Structure formats: structure tokens, C-alpha cells
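Protein chains: 2
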Amino acid sequence: MDVGELQTPALVVEQALLTANLDVMSAALPGNRLRPHVKAHKCTSLARAQHRRGHLGFTCATIREVEGMACAGLGGDLLLANEVLDARRLGAVIQDGARVTVAVDSVETVAAAAAGGVTEVVVDVNVGLPRCGCAPADAGRIAELAGSRGLTVRGVMGYEGHLMMAQPVAEQARLTAECMALLTAAHADVGGDLISAGGTGTYAVNTWATEIQAGSYALMDTAYAQLDLPFANALSVLATVVSVSPGWAVADVGLKSLGMDHGNPTIPGATVWFCSDEHTTFAPEEPVRVGQRIRVLPAHVDPTVALHEALHVVDGEVVIDRWPVDLRGW
Amino acid sequence: MDVGELQTPALVVEQALLTANLDVMSAALPGNRLRPHVKAHKCTSLARAQHRRGHLGFTCATIREVEGMACAGLGGDLLLANEVLDARRLGAVIQDGARVTVAVDSVETVAAAAAGGVTEVVVDVNVGLPRCGCAPADAGRIAELAGSRGLTVRGVMGYEGHLMMAQPVAEQARLTAECMALLTAAHADVGGDLISAGGTGTYAVNTWATEIQAGSYALMDTAYAQLDLPFANALSVLATVVSVSPGWAVADVGLKSLGMDHGNPTIPGATVWFCSDEHTTFAPEEPVRVGQRIRVLPAHVDPTVALHEALHVVDGEVVIDRWPVDLRGW
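Residue numbers (the working numbering), protein chains in the order written: chain B, 1 to 330; chain Y, 331 to 660.
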């Protein structure tokens with residue numbers, strides 16, 4: 001199928017750029033040094049491409065992602081890097097033969113893991129981002145509690161999410177070192193093989209974690225593109241120009257096909273004015289015509305992907321594959 | 331089922347508030363004075379509740395919405411209030427017995443309608459919002475062109491979207507009058523029965539349109555709640571507190587379960603700090619505990635609904651129905 005035949009809006013992935021992104025990251029963080037985060041693409045076909053490169057463990061953000069990965073035969077070592085209060089669906093996945101480890105940071109989440117039939121956990125440690133995770137000094141206590149409930153503690157995790165966009169790199173490295181000092185101290189109290197942390201923004205400077213939970217590097221977005229990373233924007237939303245007026249034009253991509261939390265999308269060669277539910281109004285530098293196809297670059301990949309049913313893998317103007325976004329929902 | 335048994339995050343609709351919203355609007359704009367916009371809920375079960383109140387025509391924003399409404403037996407008079415460059419799927423819906431009218435604003439969209447097997451159109455007129463719609467002075471020419479292609483022109487539409495939040499009401503009414511003067515002048519050139527316009531923000535002041543395309547009034551959101559409208563927030567996202575730290579807590583609702591283009595959601599009795607993919611970090615005024623259920627109010631209903639698979643209709647703590655969000659995608 002030709003790209004021109006796709007119904008718009010449609011998520012489009014440039015195969016060559018995706019391949020390069022995957023290869024560059026695999027060279028930097030081979031094998032189990034990388035635990036790819038599937039929340040950034042929600043697509044088992046893309047996860048399979050990461051698995052083929054030797055990354056056998058994956059990070060998930062939702063129970064549905066864990067279930068979907070296991071169902072796709074990619075359940076060899078799944079880390080749900082998130083707290084849950086009802087782990088019964090995870091227990092069922094484990095019963096079916098997958099390996100699932102869940103994050104715990106409290107008495108309640110330890111109890112939920114044990115009650116749900118989960119057998120392995122990591123202690124989630126707050127390393128500076130005000131979100132989940134126990135205080136570093138409490139990690140040992142949580143691990144002991146988990147052990148007393150019969151859970152195996154595989155180690156610690158801690159996400160320095162507030163540093164993903166920190167610049168310059170030297171300062172980012174210094175701040176990351178501070179965060180990881182907290183995590184490695186907690187690890188000394190907890191034990192286990194895993195020190196799981198990091199993301200696309202800190203993959204190169206976080207040398208303390210045993211594994212990096214990066215996800216965005218595969219598809220990228222305009223927010224991460226502001227950093228000096230060796231990954232290219234492989235993802236765009238294919239749109240059709242549906243209306244042209246003097247001074248502006250309108251494409252059929254909007255709030256329902258773009259993650260908007262990082263702001264407006266980017267249209268090369270144009271200034272984006274605003275987005276509506278199904279429209280983006282933009283001022284093109286060169287005239288566009290009604291019916292013309294354009295590419296819209298989302299500001300944030302994760303919530304953009306969650307709005308679509310499929311990724312269309314393209315090579316030039318040819319659609320060579322359609323990958324379902326099969327890990328949506330909860 | 332009890333609300334406490336719902337897997338979170340989950341969209342929850344208070345039946346009593348929804349019913350009141352629907353009834354208040356039906357009293358203000360009875361029968362065909364209202365053409366409910368399904369983009370705000372994407373749910374044929376909710377559309378059926380609007381249909382039962384005598385609103386037999388509906389507004390749609392996407393071809394998928396048209397297809398889904400027709401498939402649900404609600405295709406008596408569907409207006410696709412949007413331009414399309416490939417109308418073949420609309421032609422197929424018409425072949426199957428539904429009545430579908432599509433907006434046109436250019437030579438190209440008229441040609442697409444005719445080529446796709448559509449037989450009825452409205453001329454979309456720009457009344458001040460820089461988006462789709464021809465210049466008012468061009469409406470007659472577009473209508474003539476449509477007629478020459480064998481299309482029946484049912485009238486005009488024009489969306490004063492830039493005035494939905496205009497305040498105070500007297501100023502909003504004055505500005506709406508200016509916009510509608512453009513639309514009624516265009517209508518004089520075009521002819522036909524329909525002058526379709528308006529939305530939840532202007533339903534009470536737009537007395538020029540023959541029909542109002544309101545949608546948000548049914549479920550509402552915190553943006554519209556800032557206006558002095560007789561509609562209540564019937565929609566919330568049910569969330570579970572998954573982590574509590576000194577000074578803040580974290581709920582399992584985030585960028586993938588909330589439309590973020592209007593900003594952060596609201597948590598009654600708390601200050602929202604920020605949202606991540608699957609988390610909202612907030613400072614509660616009173617202590618919350620891990621496992622506690624809370625309600626999160628989205629800032630913008632339309633893109634929020636598009637992220638979920640179902641609306642759960644509740645009466646107090648009882649889930650009385652599950653309505654699929656069956657009009658998602660394109």
C-alpha cells in the first residue's frame with residue numbers, strides 16, 4: 001500500500017529511522033543493560049524488534065501492558081515499574097508462565113503483591129521526583145517486610161524523571177549522580193541484583209543503574225529532540241490538509257490524535273497556531289493545497305501513541321507493515 | 331457491581347447529573363433545535379439517551395462517528411460538521427440507508443462529496459474562528475458549485491468556537507450576533523433549511539441558528555464549569571491512590587487517561603502538582619491513604635473520553651451500566 005492511501009490521521013513510523021534508533025541504543029546499552037519501557041510505544045511488534053536485539057526484559061507501566069506482553073510471548077522478565085493495589089491479574093499472568101516483578105513502596109503495596117500471587121518485587125525508591133517510591137531510608141524496611149510475606153526482592157528501582165531534560169549534560173550527570181547515590185545506598189540495604197532506573201534523557205549519564213528503563217528513544221518526539229541525543233524523530237502523524245484560507249490552513253489532526261501535555265505539535269515549514277479536537281490550524285511558509293498530505297510531529301510520543309489503533313511502518317512512500325498499538329488501556 | 335470494584339483508572343458518569351444535564355438542555359432547545367455533537371462523548375448509548383429526548387439529528391466530527399451512529403440505528407439525520415477529501419465511506423453509509431450530510435468549503439471538498447456518493451451538503455462558513463469554512467462572501471459560489479455537481483445544499487453551518495468561553499454573557503451575545511450576521515448573510519446566498527452553529531458555551535445566546543451543535547453539556551468538564559451554565563460535572567475519572575509521601579500523594583490517572591490540552595485536572599480537596607503518563611501527583615488538604623479511591627475531574631471532556639474504552643454509569647456507589655466508548659478512532 002502507498003502512504004497516500006492511508007486514512008488520516010495515521011501514525012507513521014519511518015522504518016530506517018526506527019531501526020537506527022534501536023541499533024544505536026543497543027550498541028550503547030547491550031542486552032540486559034537496557035530494559036525497554038513499552039509505555040512509549042504500547043506495541044508488541046515494536047517490542048519484538050527490541051527483543052530481537054537482545055533486550056529480553058521489559059518495563060511496563062500498566063497491568064494491561066504486562067498482560068499483553070506475556071500474551072505476545074515476550075513475558076520472560078517483565079517489570080511493572082508502578083504500584084498496584086490489586087495484583088490478582090498479575091498473579092494470573094505468572095500462573096500462565098510469565099515472569100513478572102512489581103514495584104512496591106509501602107505496606108499496602110507489599111500486601112497487595114503477596115495477596116495477588118506475585119512472587120517477585122523491587123523496592124521503588126524516591127530519588128527526587130515527587131511521585132511514587134519510598135524514602136531511601138525506608139527501603140530496607142520495605143524489603144524486610146516483603147521478605148516476611150514470602151516475596152523475593154530482586155533489588156531497587158528509582159526514576160530520576162525530573163532530570164530527563166536537564167541541561168547541560170555535565171550538570172545533568174552531576175544531578176543524576178546525586179539521585180543514584182540515594183538509590184545505591186538504598187540498594188545496599190535491600191540487596192538483590194537489580195538497580196533499575198533511567199530513561200531516554202539520562203541513558204548515557206546514568207552509569208550507576210544496572211539497567212536503564214528507556215522507551216522514548218525508539219520513536220522520539222519534539223521534546224526529546226531538543227536534547228543532543230543520537231536518536232531521530234521516527235514517528236509522525238500523517239494528516240490531510242482539509243481547508244485552506246488566506247493566511248492559514250487546517251489539517252485533520254488534533255487533540256484526539258496528539259498528546260498535548262507538552263504543547264503544540266510541530267509542522268516542518270509552518271507555524272502551528274492551535275489545535276482543536278480534530279484539527280490543527282497552521283500558517284504554512286509555502287502555499288499548501290486542499291488534499292495535500294503533511295507530516296505532523298507530536299510533542300510527546302507516549303500519550304500520542306495511546307490515542308491510535310496502529311503504527312504504520314513506512315519505507316519512503318510505501319507502507320510495509322501495520323503494527324497494532326495493542327497495549328492500550330488498563 | 332460496586333464502584334469500589336472497578337479497575338482504575340475508569341471513567342465514571344453520575345446518572346442523576348447526566349439526566350439533569352440532558353433534561354435541562356432539551357427543555358431549552360427541544361427537538362431539532364438541538365443537534366447533539368457526539369464528539370464530546372463518542373458513545374452511542376449516550377446518544378440514544380439524547381435521541382429519546384427528541385433530538386433526532388446528530389453532529390459528528392469524524393467518518394467513524396458517522397459509521398458508528400448509523401450502525402447503532404441513530405442514522406436518521408447525521409451531519410458531518412467537518413471537511414473530508416475522501417467521502418467513499420460516507421457514501422457506503424448512505425447506501426445502507428442512513429441520511430448523511432457533509433460540510434463543504436472548497437472546490438475540492440465539493441468534488442470529494444460528489445465522488446464519494448454523498449448527496450447532501452451544507453456550506454461551512456468561517457464566522458471568525460480561524461479554522462475551516464469558506465469566506466462568507468464565497469458561500470453562494472460554493473453552493474452553486476455543489477448544485478452543479480448534483481448535490482442538494484441543505485443550508486449553512488459556522489462555528490463560533492472562539493466565543494465559547496467569552497465573558498461576560500452580554501459581551502458574548504454581542505460577539506455571537508456579529509458572527510451570526512455573517513452566517514445569516516451567507517445563508518441568504520445559499521438557501522436551504524439549516525443554519526447550524528453554536529455549542530455548549532453559546533447555546534443560550536445564539537438565537538440565530540436554526541439548530542445548535544452542543545455536545546459538552548451532557549458530561550461537562552472543569553473548563554466549561556467556569557461559565558455560569560446550568561449543567562453539572564457529570565464525568566470524573568475514578569482513580570486509586572497508589573503512593574503517599576510526606577506532603578503529596580499519587581493517583582493512578584495521568585496523561586493517558588486525561589485530555590491535557592486545557593491543563594491539569596482538578597481533584598476536589600487537593601492541589602494538583604503535575605501529571606505523568608499514568609500518575610497524578612497532588613497535595614491533599616486532608617490525609618489520604620494508599621488504596622483510597624478518589625475522583626479526578628478532567629479539564630477537557632472530549633479528548634479525555636477518547637482515551638477510554640467505556641463510560642461507567644453510577645448511582646451513588648453502584649455501577650448501573652457500562653457504556654462502550656464505541657465511536658473512537660477515524
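Don't be surprised by glycine CBs; every beta carbon is placed ideally from N, CA and C. These numbers come from a predicted model, not from an experiment.
Cβ contact annotation for His-385 of chain Y (same chain, cutoff 6 Å, sequence separation greater than five): Leu-364 and Pro-366, in chain order.
When the Cα atoms are used, Ser-245 of chain B and Asp-591 of chain Y turn out to be separated by approximately 25 Å. Contact annotation: Gly-259 of chain B and Glu-286 of chain B have beta-carbon atoms that are not nearer than 9 Å. Residue pairing of Val-368 of chain Y in beta bridges, as defined by DSSP: absent, with no partner found. At least 9 Å separates the CB of Glu-285 of chain B from every CB of chain Y. If you compare the alpha carbons of B:Thr-119, B:Arg-295 and B:Phe-231 with that of Glu-317 of chain B, the shortest gap goes to B:Arg-295. For Asp-454 of chain Y, the enclosing beta strand (DSSP E) begins and ends at 450-454. Listed along the chain, the chain Y residues whose CB falls inside 7 Å of the CB of Gln-7 of chain B are Trp-660. Residue pairing by DSSP puts Arg-322 of chain B in a beta bridge opposite B:His-312.
Looking at B:Val-38, B:Leu-29 and B:Ala-87, the one whose alpha-carbon comes closest to that of Thr-338 of chain Y is B:Ala-87.
Residues of the region 205-231 of chain B that bring their beta carbon within less than 9 Å of a beta carbon in chain Y are absent altogether. Contact of Gly-291 of chain B with chain Y is assigned, a C-beta pair being separated by under 9 Å. Taking C-beta separations shorter than 8 Å and ignoring five residues to either side along the sequence, the partners of Ser-276 of chain B in its chain run Gly-254 and Leu-255, following chain order. With respect to the 9 Å criterion, Pro-130 of chain B and Thr-596 of chain Y are not classified as neighbours on the basis of their beta carbons. Here Gly-140 of chain B has Ala-186, Asp-189 and Val-190 as same chain residues with Cβ atoms under 8 Å from its own Cβ, once five neighbours each way along the sequence are excluded. Apart from sequence neighbours up to five positions away, the residues of its chain that approach Thr-109 of chain B with a beta-carbon distance below 6 Å are Glu-83, ordered along the chain. Think of a sphere of 7 Å around the beta carbon of Met-260 of chain B: the chain Y residues whose beta carbon falls inside it are Met-590 and Asp-591, in chain order.
Taking the Cα positions, Ala-358 of chain Y is about 51 Å away from Gly-133 of chain B. Proximity of the region 634-651 of chain Y to the region 344-356 of chain Y meets the contact definition, three or more beta-carbon pairs being nearer than 8 Å.
By the rule that beta-carbons nearer than 9 Å mark a contact, Asp-277 of chain B touches chain Y.
Around Asp-435 of chain Y, the beta-carbon contacts reaching into chain B at under 8 Å are Ser-243. Listed along the chain, the chain Y residues whose CB falls inside 8 Å of the CB of Pro-130 of chain B are Ser-575, Gly-577, Trp-578, Trp-603 and Thr-611. At the C-beta level, Arg-429 of chain Y and Glu-450 of chain Y come within 9 Å of one another.
The count of Cβ pairs closer than 8 Å, one atom from the region 543-554 of chain Y and one from the region 498-515 of chain Y, stays below three, leaving the stretches out of contact. Contact with chain B is found for Pro-633 of chain Y, since one of that chain's Cβ atoms lies less than 9 Å from the residue's Cβ.
Assigned with DSSP and collapsed to three states, Thr-610 of chain Y falls in strand.
Residue pairing by DSSP puts Phe-58 of chain B in a beta bridge opposite B:Leu-78. Using beta-carbon distances, Thr-240 of chain B counts as an interface residue toward chain Y, with a partner under 9 Å. Among the CB atoms of chain Y, one or more fall inside 9 Å of the CB of Leu-85 of chain B. Annotation for Ala-173 of chain B: Val-205 place their beta carbon closer than 6 Å to its own, counting only its chain and skipping 5 residues before and after. Comparing C-alpha distances from Asn-351 of chain Y to each of Y:Phe-561, Y:Gly-528 and Y:Trp-603 shows the shortest one belongs to Y:Phe-561. Per DSSP, Glu-501 of chain Y lies in no beta strand (DSSP E); the unbroken alpha helix (DSSP H) holding it starts and ends at 499-520. DSSP links Gly-269 of chain B through a beta bridge to no other residue. For Ala-636 of chain Y, the C-beta contacts it makes with chain B under 7 Å involve Lys-256 and Leu-307, in order along the chain. At least one CB of chain B lies nearer than 9 Å to the CB of Thr-392 of chain Y. Residues of the same chain with a CB within less than 6 Å of the CB of Ser-26 of chain B, apart from the 5 flanking positions on each side, are Arg-53 in chain order.
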